[in-house]
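Peer 1:
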Amino acid sequence: MLTDITLPVELSAFSAQAAEGKVVLSWATQSEVNNLGFEVYRAQEEAGNYTMIASYESNAALQGAGNSNEEIEYQYEDASIYPGATFWYQIADVDFAGVRTFHGPIQAEALETLPTAYALRNNYPNPFNPSTTIRFEVPANVNDRMEIVVYNALGMKLKTLVSGRVEAGVHEVVWDGTNQQGVQMASGVYFIRMLAGKFNKVHKMILLK
Numbered sequence: 778m779l780t781d782i783t784l785p786v787e788l789s790a791f792s793a794q795a796a797e798g799k800v801v802l803s804w805a806t807q808s809e810v811n812n813l814g815f816e817v818y819r820a821q822e823e824a825g826n827y828t829m830i831a832s833y834e835s836n837a838a839l840q841g842a843g844n845s846n847e848e849i850e851y852q853y854e855d856a857s858i859y860p861g862a863t864f865w866y867q868i869a870d871v872d873f874a875g876v877r878t879f880h881g882p883i884q885a886e887a888l889e890t891l892p893t894a895y896a897l898r899n900n901y902p903n904p905f906n907p908s909t910t911i912r913f914e915v916p917a918n919v920n921d922r923m924e925i926v927v928y929n930a931l932g933m934k935l936k937t938l939v940s941g942r943v944e945a946g947v948h949e950v951v952w953d954g955t956n957q958q959g960v961q962m963a964s965g966v967y968f969i970r971m972l973a974g975k976f977n978k979v980h981k982m983i984l985l986k
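So the sequence shown is numbered by the working numbering: it starts at 778 and just counts up by one.
1) Contact defined as beta carbons within less than 8 angstroms: I believe Tyr-901 pairs with Pro-882. What is the distance between those atoms, to the nearest angstrom?
2) Kindly list the residues whose CB is nearer than 8 angstroms to the CB of Pro-785, restricted to its own chain and excluding five residues on each side of it in sequence; keep chain order.
3) Can you name the residues that DSSP bridges to Gln-957?
4) Hey, how far is the Cα of Ala-795 from the Cα of Val-801?
5) Helix or strand or just coil, what does DSSP make of Leu-984?
6) Please work out which residues of its chain come closer than 6 angstroms, Cβ to Cβ, to Arg-817, disregarding the five sequence neighbours upstream and downstream, and give them in chain order.
7) Is it buried or exposed for Glu-848, if we count other Cβ within 10 angstroms and need 16 for buried?
8) Look up Lys-934 in the DSSP assignment and give the residues it is bridged to.
9) Starting from Phe-968 and walking both ways along the beta strand (DSSP E), at which residues does that stretch end?
10) Would Glu-924 and Ser-908 be called neighbours here (beta carbons separated by less than 9 angstroms)?
11) Under the assumption that Pro-904 contacts Leu-788 (Cβ atoms under 8 angstroms), give the Cβ distance between them as a whole number of angstroms.
12) I'd like to know whether the C-beta atoms of Lys-978 and Ala-917 end up nearer to each other than 9 angstroms.
13) How about Arg-912 and His-948: do their beta carbons lie closer than 9 angstroms?
14) Check whether the stretch 927-938 touches the stretch 966-976, taking contact to mean three or more Cβ pairs, one atom from each stretch, closer than 8 angstroms.
15) Between which residues of its own chain and Lys-799 is the CB-CB distance below 7 angstroms, once the five residues before and five after are set aside?
16) Is it the case that the Cβ atoms of Ala-838 and Thr-828 are separated by a distance below 9 angstroms?
17) Looking at Gly-946 and Leu-888, is the spacing between their C-beta atoms short of 9 angstroms?
18) If you reduce the DSSP assignment to three classes, tell me which class Leu-888 lands in.
19) Which residues does DSSP list as the beta-bridge partners of Ala-896?
20) Tell me which residue opens and which closes the beta strand (DSSP E) that Asp-921 is part of.
21) Cβ atoms of Lys-936 and Val-951: under 9 angstroms apart, would you say?
22) Let's test the definition: count the other Cβ atoms within 10 Å of the Cβ of Asp-781 and tell me whether it reaches 16, buried, or not, exposed.
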């Protein structure tokens, strides 16, 4: 959304296109003034809580041009989506003083397809406080029992989030930072592990208070 004052970045286009397993965001700047780069935010409702999913600080493709009078095109692929869901996106340009100007939101509906293999995606947000969401995928025509378990850095099992057979599709489960007894865990590194048949995948999570 643009204001009436002179902006550090003038957008000439901003679009979201659904593709298989991802949403492709594209935008172009007509000019840039003191532009460090862009941050990408996502929500599942237009007026919902937007979570930052990408930043110029960790993604070189989102770094700004500083000062420019030429059109520059940018693109970001969001692969941490699940089929059939509707997502809303905003982008923010960040100037040299750290001031953010938001653009959007725009909408995209992820294509409805069943997974072809087991998958455990990176949790988001990460680092997180107080909770984080883990997305996992179960293919069709399997009947494996599966587990998704949280471990601490010493390899001790803290909490079982999923146990049993799960129908084919893309699913999400939330870890609220507690163990099986409901005790809140301290800041630190934790691991999420998914086991299903021969599938075995681990991702690192950071609880930061």
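Virtual Cβ for every residue (Gly too), placed ideally from N, Cα, C.
Peer 2: According to the structure shown:
1) For the purposes of this step, residue 901 is taken as residue 124 along the sequence shown, with counting starting at 1. For the purposes of this step, residue 882 is taken as residue 105 along the sequence shown, with counting starting at 1. At roughly 18 angstroms, the Cβ-Cβ gap does not stay under 8 angstroms, so Tyr-901 and Pro-882 are not in contact.
2) Along the sequence shown, one-based indexing puts residue 785 at 8. Excluding positions up to five away in sequence, the list reads Glu-809, Val-810, Asn-811, Asn-812, Asp-870, Asp-872, Val-876 and Thr-878.
3) Position 180 of the sequence shown, counted from the first residue, corresponds to residue 957. The partner list for Gln-957 (beta bridge, DSSP) is empty, contrary to what the question assumes.
4) As a working mapping, residue 795 is identified with position 18 in the sequence shown. As a working mapping, residue 801 is identified with position 24 in the sequence shown. Going from the Cα of Ala-795 to the Cα of Val-801 covers about 6 angstroms.
5) The residue you call residue 984 lines up with position 207 of the sequence shown. Of the three classes helix, strand and coil, the one that applies to Leu-984 here is strand, per DSSP.
6) Position 40 of the sequence shown holds residue 817. The identity of residue 817 in the sequence shown is Val, whereas the question assumes Arg. The answer, listed in chain order, is Ile-830, Ala-831, Tyr-853 and Ile-868.
7) Taking the first residue of the sequence shown as position 1, residue 848 is located at position 71. Exposed, since its Cβ has fewer than 16 Cβ neighbours within 10 Å.
8) Reading the sequence shown from its first residue, position 157 is the one you call residue 934. Paired residue(s): Tyr-928.
9) Within the sequence shown, residue 968 is the residue found at index 191, counting from 1. Note, Phe-968: beta strand (DSSP E), 965-973.
10) If you number the sequence shown from 1, residue 924 lands on position 147. If you number the sequence shown from 1, residue 908 lands on position 131. Cβ atoms of Glu-924 and Ser-908: not closer than 9 angstroms.
11) Walking along the sequence shown from the start, residue 904 turns up at place 127. Walking along the sequence shown from the start, residue 788 turns up at place 11. About 30 angstroms separates the two Cβ atoms, so there is no contact after all.
12) Your numbering for residue 978 matches position 201 in the sequence shown. Your numbering for residue 917 matches position 140 in the sequence shown. Their beta carbons are not under 9 angstroms apart, which means Lys-978 does not touch Ala-917 by this criterion.
13) As a working note, residue 912 is residue 135 in the sequence shown. As a working note, residue 948 is residue 171 in the sequence shown. Result yes, Cβ atoms of Arg-912 and His-948 sit closer than 9 angstroms.
14) yes
15) Along the sequence shown, one-based indexing puts residue 799 at 22. Closer than 7 angstroms at Cβ, skipping near neighbours: Glu-854, Asp-855, Ala-856 and Ile-858.
16) Reading the sequence shown from its first residue, position 61 is the one you call residue 838. Reading the sequence shown from its first residue, position 51 is the one you call residue 828. No, the pair does not count as a contact, with Cβ atoms beyond the cut-off.
17) As a first step, residue 888 must be located in the sequence shown, where it is residue number 111. As a first step, residue 946 must be located in the sequence shown, where it is residue number 169. Cβ distance not < 9 angstroms, so Leu-888 and Gly-946 don't count as in contact.
18) What you label residue 888 is simply residue 111 of the sequence shown in a count that begins at 1. Here Leu-888 sits in coil by DSSP.
19) Here residue 896 is taken as the residue at index 119 of the sequence shown, counted from 1. According to DSSP, Ala-896 bridges with Glu-914.
20) On the sequence shown, residue 921 is found 144 positions in, with the first residue counted as 1. First-last for Asp-921: undefined, no H or E at that position.
21) Counting from one through the sequence shown, the residue named residue 951 turns up at place 174. Counting from one through the sequence shown, the residue named residue 936 turns up at place 159. No.
22) For the purposes of this step, residue 781 is taken as residue 4 along the sequence shown, with counting starting at 1. Reliability fails at Asp-781, whose pLDDT of 40 lies under 50, so the model's placement of it is uncertain and no value is given.
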